[in-house]
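Remarks on the structure that follows.
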Amino acid sequence: MRDSRRHAGQKRACQEPGGGWSFLWPLAPAALALGCTANRADTGGAPDAATPSSMSGPNAPSARGASSVLTGNSGSSSPHVSGDGGAEGPAEGGAPSRSAPGSSEDAVTPQRRVCAVAAIGDSLTDARSGGGKFLETLRQRCPESRFDNYGKGGDMVNQMRRRFLRDVLGSHGVGDKPALTHVIVFGGVNDLYSDKTAFRTVPKIQADLSTMYAEARQRGARVVAMTVAPWGGFTRYYTEARGETTRQLNEWIRGRKEAGEVDQVVDAFALLSCGKAERLCPEYTPPFMDGLHFGTKGHEVLGQALYEAAFSECR
437 MRDSRRHAGQ KRACQEPGGG WSFLWPLAPA ALALGCTANR ADTGGAPDAA TPSSMSGPNA
497 PSARGASSVL TGNSGSSSPH VSGDGGAEGP AEGGAPSRSA PGSSEDAVTP QRRVCAVAAI
557 GDSLTDARSG GGKFLETLRQ RCPESRFDNY GKGGDMVNQM RRRFLRDVLG SHGVGDKPAL
617 THVIVFGGVN DLYSDKTAFR TVPKIQADLS TMYAEARQRG ARVVAMTVAP WGGFTRYYTE
677 ARGETTRQLN EWIRGRKEAG EVDQVVDAFA LLSCGKAERL CPEYTPPFMD GLHFGTKGHE
737 VLGQALYEAA FSECR
């Protein structure tokens with residue numbers, strides 16, 4: 437069993453003091469980190485992700501991928517997903533189907549439906565900085581559904597919260613954008629290592645996350661919360677004290693389903709760590725080398741976990 441004390445992380449794309457973005461590739465990874473650190477000194481925030489020179493990777497998760505570590509009432513098998521799984525409500529065009537009377541499965545069989553999903557996050561979600569590939573896995577599994585990416589490299593969760601109403605909730609149900617059925621919230625690592633420069637504390641992070649969870653559910657969307665991914669390999673900023681605040685935040689996120697604040701929890705920390713609990717699995721990181729960002733294989737593991745936990749009934 438994986439250590440329950442493991443907790444997570446990520447990094448941010450370089451944001452200039454005026455709000456613009458600078459991508460430092462194709463410099464070496466060490467130069468990328470130094471360039472982002474320079475921006476951080478000016479803005480008071482944490483460094484951002486740089487776009488890698490290559491995002492190639494295997495097309496399928498490794499043997500220790502999501503299917504071996506999923507649980508939930510949706511029929512998966514892992515302790516790292518909490519929730520009842522799948523979309524609820526009848527599919528378009530009718531009521532749920534039942535098995536034939538007298539059969540061994542005289543129970544309601546949920547029909548698949550078209551879903552409209554928004555994911556909000558930082559550079560781990562932002563496609564411009566190599567993130568968000570977990571949404572590609574979901575698009576492949578649910579080709580008729582819509583998965584919109586609202587990741588922004590460098591964001592702390594208070595910045596996500598400020599654009600959540602306008603950019604995410606406010607833009608759906610208008611024009612050609614359908615009302616949201618699901619919202620994925622994936623953030624917190626930038627806050628955790630900006631504790632001294634931006635004065636981000638665990639209670640502040642929790643309050644901002646809770647606001648986004650509540651606003652989405654008030655509009656009828658199901659909320660999928662993700663824990664902070666492992667970031668102990670990001671040694672320039674990781675400390676034992678920050679490791680402890682990461683554990684505190686992740687334990688709180690894991691409890692949001694039971695508290696009735698969210699519909700599912702996907703434990704990115706547990707899914708992406710191995711060996712040293714606070715570090716990303718080495719096979720999940722290429723082409724990134726910073727200990728904060730993960731590559732194609734890591735995103736495939738997350739995408740499969742999300743599908744099994746929340747989107748197996750989306751078509």
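Quick note: the sequence shown uses my numbering, first residue 437, plus one each step.
In this text, a Cβ means the ideal position worked out from N, Cα and C, and glycines have one as well.
Output the boundary residues of the beta strand (DSSP E) element that contains residue i.
i       : result
His-618 : 618-622
Phe-583 : 582-587
Met-662 : 658-662
Val-553 : 552-557
Gln-595 : Note, Gln-595: premise wrong, no beta strand (DSSP E); alpha helix (DSSP H) at 593-599.
Val-610 : First-last for Val-610: undefined, no H or E at that position.
Val-604 : Where Val-604 is concerned, there is no enclosing beta strand (DSSP E), given that its DSSP letter is neither H nor E.
Val-698 : No beta strand (DSSP E) contains Val-698, which DSSP labels as neither H nor E.
When the Cα atoms are used, what is the spatial distance from residue i to residue j?
i       : j       : result
Leu-560 : Leu-571 : 11 angstroms
Asn-733 : Tyr-720 : Before going on, a small fix: residue 733 reads as Lys here, not Asn. Their Cα atoms are separated by approximately 5 angstroms.
Lys-588 : Val-659 : 19 angstroms
Ser-533 : Asn-626 : Confidence is the limiting factor: at Ser-533 the pLDDT is only 44, short of 50, which leaves the residue's position unreliable, though a coordinate-based value still follows. Looking at the two C-alpha atoms, the distance is approximately 45 angstroms.
Ala-643 : Leu-685 : 11 angstroms
Leu-616 : Ala-652 : 9 angstroms
Ala-580 : Ser-709 : Note that residue 580 corresponds to Glu in the displayed sequence, not to Ala. Their backbone Cα atoms lie some 32 angstroms apart in a straight line.
Glu-736 : Ala-746 : 15 angstroms
Cys-717 : Gly-609 : 39 angstroms
Val-593 : Gly-668 : 20 angstroms
Thr-633 : Asn-585 : 28 angstroms
Ala-563 : Arg-582 : 16 angstroms
Val-621 : Val-638 : 16 angstroms
Pro-723 : Ala-741 : 22 angstroms
Asp-591 : Glu-749 : 31 angstroms
Arg-690 : Gly-611 : 35 angstroms
Met-725 : Ser-565 : 14 angstroms
Gly-679 : Glu-687 : 12 angstroms
Gly-731 : Tyr-743 : 18 angstroms
Gly-607 : Gly-711 : Correcting the residue identity first, residue 607 is Ser in this sequence and not Gly. Using only the alpha carbons, I get a separation of about 42 angstroms.
Val-619 : Phe-635 : 27 angstroms
Val-701 : Leu-707 : 12 angstroms
Leu-601 : Leu-645 : 13 angstroms
Lys-640 : Gln-576 : 36 angstroms
Asp-699 : His-729 : 26 angstroms
Gly-727 : Gln-654 : 37 angstroms
Could you spell out where the alpha helix (DSSP H) holding residue i opens and where it closes?
i       : result
Glu-714 : Segment 712-716 is the beta strand (DSSP E) holding Glu-714; no alpha helix (DSSP H) there.
Val-625 : 625-628
Ala-741 : 732-742
Lys-569 : 569-577
Glu-719 : First-last for Glu-719: undefined, no H or E at that position.
Gly-679 : 676-690
Assuming residue i and residue j make a contact with CB atoms under 8 angstroms, what is their CB distance in whole Å?
i       : j       : result
Cys-578 : Arg-715 : Not really, about 31 angstroms apart at Cβ, beyond 8 angstroms.
Gly-739 : Leu-628 : The pair is not a contact, with the Cβ atoms about 24 angstroms apart (cut-off 8 angstroms).
Ala-665 : Arg-692 : No, Ala-665 and Arg-692 are not in contact; Cβ-Cβ is about 17 angstroms, not under 8 angstroms.
Gly-623 : Asp-558 : 5 angstroms
Pro-614 : Ala-555 : Not a contact, Cβ separation roughly 15 angstroms.
Tyr-649 : Glu-694 : 13 angstroms between Cβ atoms; not a contact.
Ala-704 : Thr-663 : 5 angstroms
Thr-681 : Asp-631 : 7 angstroms
On the three-state DSSP scale, how would you describe residue i?
i       : result
Lys-640 : helix
Arg-549 : strand
Ser-709 : strand
Met-491 : Residue placement at Met-491 cannot be trusted, given a pLDDT of 38 that sits under 50; the coordinates are not used to answer.
Phe-747 : helix
Less than 7 angstroms separating the Cβ of residue i from some heavy atom of the ligand ADP?
i       : result
Glu-749 : This structure does not include the ligand ADP; it has no bound ligands of any sort.
Check: Is there contact between the segment 546-553 and the segment 586-600, where contact requires at least three CB pairs shorter than 8 angstroms?
Finding: With contact defined as three or more Cβ pairs closer than 8 angstroms, the segment 546-553 and the segment 586-600 are not in contact.
Notebook entry, point to check: With contact counted as at least three CB pairs below 8 angstroms, one residue from each stretch, are the segment 672-688 and the segment 562-576 in contact?
Noted result: Counting C-beta pairs with one atom in each stretch, the segment 672-688 and the segment 562-576 have fewer than three that are closer than 8 angstroms, which means they do not touch.
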